[in-house]
Amino acid sequence: MKLIIKYTWRYKKYLLLSLLGVVGFVLIQMGMPTLLKYVINDSLMADNPTVLLPIMLLMLGITVVGIGGEICMSYANSRIASNVIRDIRSDMFVKTQSFSHAEFNQFSVSSLLTSTTSDAYQIMIFVQSMLRSALITPVMTISGFILIINTNPRMFWVVLGATPLLLLGVYIVSHNSMPYSRAQQLGLDKINLNMREGLSGLRVIRAFGNEGFQAKRFEAVNEEYCGVSKTVFRIMSIAQPGFYLLFNAMIVIILWTGSQAIGHGTLDVGTLNASIEYVFHILFSFLMMAVLFIMYPRASVSARRIQRVLESTPSVQENLESGVTEAMEKGTVRFENVTFSYSGSEEPVLKHISFTAKAGETVAFIGSTGSGKSTLIQLIPRMYDVTEGRILVDGVDVRDYNIHALRDRIGYIPQKAQLFTGTIADNLRLGKRDATREELEHAAEIAQAADFIAQKEGGFDAVLSESGSNLSGGQKQRLAIARAIVKQPEIYIFDDSFSALDYATDLRLRTRLREEITDATMLIVAQRIGTIRHADKIIVLNEGEMVAEGTHQELLNASGIYYDIAVSQLSEEELR
Ligand SMILES: Nc1ncnc2c1ncn2[C@@H]1O[C@H](COP(=O)(O)OP(=O)(O)OP(=O)(O)O)[C@@H](O)[C@H]1O
Ligand SMILES: [Mg+2]
1 MKLIIKYTWR YKKYLLLSLL GVVGFVLIQM GMPTLLKYVI NDSLMADNPT VLLPIMLLML
61 GITVVGIGGE ICMSYANSRI ASNVIRDIRS DMFVKTQSFS HAEFNQFSVS SLLTSTTSDA
121 YQIMIFVQSM LRSALITPVM TISGFILIIN TNPRMFWVVL GATPLLLLGV YIVSHNSMPY
181 SRAQQLGLDK INLNMREGLS GLRVIRAFGN EGFQAKRFEA VNEEYCGVSK TVFRIMSIAQ
241 PGFYLLFNAM IVIILWTGSQ AIGHGTLDVG TLNASIEYVF HILFSFLMMA VLFIMYPRAS
301 VSARRIQRVL ESTPSVQENL ESGVTEAMEK GTVRFENVTF SYSGSEEPVL KHISFTAKAG
361 ETVAFIGSTG SGKSTLIQLI PRMYDVTEGR ILVDGVDVRD YNIHALRDRI GYIPQKAQLF
421 TGTIADNLRL GKRDATREEL EHAAEIAQAA DFIAQKEGGF DAVLSESGSN LSGGQKQRLA
481 IARAIVKQPE IYIFDDSFSA LDYATDLRLR TRLREEITDA TMLIVAQRIG TIRHADKIIV
541 LNEGEMVAEG THQELLNASG IYYDIAVSQL SEEELR
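To convert, note that position 158 of the sequence shown is 158 in full-length UniProt numbering; the numbers rise steadily by one, no gaps.
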C-alpha cells in the first residue's frame, strides 16, 4: 500500500481534479432524488404544475455539472493510473539494470518479467478502482447520511445496522483470498519461466525429441495456476451474490417500514422514494469499496513483489557520486589473496588467488572446466564482489571506483557472446556511441569480422535478430571482440573468446590484435595451449586454486597439470 500511495501521491494535481469530479458526481446522484422528492410531493401529489419548471431547470443544471464532474474524474483517474504504472515500470527497469549477477540469481529473470508486466498491471487496475471508490465512498456516505437524517431519521438506523455486516463480509473475503492471490502471481512466474525456456531452447528440445516432456511440464504449471484461479473466482462468486442479498434485504426493510409509515400518515411518498435512492447510493458506494478490498490482496501481493525489487540494495555498490574516477597507473591488474564464494554456497569457488598483470602484458588462464576461470575474470569488472582479499585495477581497489570509470577501462568479451537486436553497427557502437564508420571497419578488420560482414546483405547495416541468432557462433564471437576493440579499453578480458574460431582464424586474430594494440593489458582465458603459449604469464587453475604460474616453457617443466594439457594438444615438435 505504501508503494501505491507513494506513486499516486506524485500526481496531487490530478487527485484534486478527481476530487472535484467526485463532488459533481455525488451532486447528481444525491441531488436528483432530492429534487424528485419535491416533484412528487409539491407538484404531482399537490396537483401544482407551476413549481415543475424551476425544478426541471435545476435538474438540468445538476445533470450538466454532474456529467462534467464524471468526465473530470475519469480523465484524472486514468491519467494517474497510467502515469503510476509507467513510473513503476521505468523504476523497475533502471533498478534491474543496476543488479549484479547475484540479484538475478536471487530474483530470477522470469519473476522480474512478471513483476514489470503483470504485477505492474495489477497495480494500475487497483489504482484506478481505488481512486474511484476511495474518493466517492466517503463523500457519498457522508452526504447520504446527512440527507437521510434530515428527511427520514428512522432509515438512518437501518443503514447503520447493516454497515457492520458489510464490513465483516469484506473482511472475510479479503482475508480468505489473500493466500490464493499470492499463489496466483507465483504461478504466473512459473508459466513465464517455462514459456521462456520452451521458446529459447526450442531447437534443443526438438533435437532431443523432448517436446512431449516439455509440454507436460508446462501443462503442470498451467494446471496449477488454473486451480488457484478457480479458487479465487469461487470465493468471488460466493461473495458477490452475498453482498447483493444484503443489499436487497435492506431495500425490502426500508420499503416495508416505509409503507407502514405512509399508512400511518407519518411519511410521504416523495420522502420514501428519496430515502430508497439515498440508501441505494450509500450501499452501492460501500459495495464499490468492498470490491476494492477484494482486489486489494492481489494488488498488495503485486506491490510487495515490486517493492522487494525496488528496495533491494544491489550487492555491487556503484559509487556513482563518491567513487574514484582517476588513477595513477594505467593498465595494471592485481589480485591480492582473493577468495570468492557465490552467495548461497559455502564452498569457495576461488581460493587465495594472487597475481599481477603489468601494463601491456598478456596474462593467460588455463584449467579444466569448472575450475573458476570465468568467475575469476568476472570479478575484475565487478560482476560480483570478492568475498575476501582485494582486486586492484590501476592501483585502486575496484570497489572504490565509480563503477562507470572502472568499466570504461575494461573491454570484456564474455564466454557466451551476447548481441542485441539492431544493426551490426549498433552492436559495435555499444562500447563507444560516437564511433565513426572507419573505427568500426578497423575494429572489424582486426577481429577478422570484416569478410563476413561484407558478405551480409547491408554490411554494417545488416540487422541482427534477437541475440544475434542469425549469425554463427564464431561470427558472434568475432563481433563481440570487435565491439571491445571499438571501445579502445586499457584492459582486455577475453573469456574463452576464441573457442569457436578455427585455429588459423584464431592465430590471425591474435596476431592482428598484438600488432594494433601494443599498450593494452590482455587477460585471456583459453582451453587451447596454442592460443596462449606466447603469453607473458600463464596461470594454471585447478578447483579454484592457483596451482602454477609462469611462461609456457617454465610451466612445461614445472607443472604436471600444464604438461598434461600440453601433451594432449601439441605435437612432440611443438612441445620442444
Ligand atoms: N552463478 C553461479 N552461482 C553459483 N555457482 C556458480 C555460478 N556460476 C558458476 N558457478 C560454479 O563456480 C564454479 C566455477 O565456474 P566457472 O564458470 O568460473 O568455471 P570455468 O573455469 O569458467 O569453466 P569453463 O571452462 O567451463 O567455462 C563451477 O563449479 C560452477 O558450478
Ligand atoms: Mg568459463
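Virtual Cβ for every residue (Gly too), placed ideally from N, Cα, C.
This structure is a prediction, so every number in the text was calculated from the model and none was measured.
- If you ignore the 5 residues before and after E211, its C-beta comes within less than 7 angstroms of the C-beta of I205, all in its own chain and listed in chain order.
- Here L523 carries a strand assignment [DSSP, helix/strand/coil].
- Within the DSSP secondary-structure output, M546 pairs in a beta bridge with L541.
- Using a Cβ distance threshold of 9 angstroms, A81 and M30 do not count as a contacting pair.
- Listed as beta-bridge partners of K351 by DSSP are E545.
- Distance from Y7 to D87 at the Cβ level is roughly 6 angstroms; contact confirmed, criterion being Cβ atoms closer than 8 angstroms.
- Every unbroken stretch of the alpha helix (DSSP H) spanning 4 or more residues and falling wholly within the stretch 421-449 is given here in chain order: 424-428, 437-446.
- Taking C-beta separations shorter than 6 angstroms and ignoring five residues to either side along the sequence, the partners of R79 in its chain run Y14, following chain order.
- Linking E224 to G187 through their CA atoms gives a straight-line distance of about 7 angstroms.
- Pairing A548 with A558 gives a Cβ-Cβ distance under 9 angstroms.
- At least one heavy atom of ligand 2 falls within 8 angstroms of the beta-carbon of T369.
- Non-local beta-carbon contacts of T521 in its own chain, meaning distances under 8 angstroms to residues more than five positions away in sequence, involve G331, T332, V333, A357, K358, A359, G360, E361, T362, V363, E490, I491, Y492 in chain order.
- In this structure, S18 places its C-beta atom within 9 angstroms of the C-beta atom of L135.
- Judged by DSSP in its simplified three-state form, V309 adopts helix.
- Secondary structure of N337 (DSSP, three-state): strand.
- Shown here for L509: same chain residues with a beta carbon closer than 6 angstroms to its own, the five before and five after excluded, namely Q448 in chain order.
- Beta-bridge pairing by DSSP links I366 to V540.
- Distances between the C-beta of G372 and the heavy atoms of ligand 1 include at least one below 8 angstroms.
- Annotation: the continuous beta strand (DSSP E) that includes E388 extends over 388-393.
- For A299, the closest alpha carbon among the candidates S174, L36, F335, L541 is that of S174.
- Taking the C-beta atoms as reference points, V525 is found no nearer than 9 angstroms to D506.
- Inter-residue distance for S90 and T116 is about 9 angstroms (C-alpha atoms, whole angstroms).
- Residue environment: P49 is assigned as exposed (fewer than 16 neighbouring CB atoms within 10 Å of its CB, all protein chains considered).
- If you draw a straight line from the Cα of K12 to the Cα of Q418, it comes to about 43 angstroms.
- F104 is classed as exposed because its beta carbon has fewer than 16 other beta carbons within 10 Å across all chains shown.
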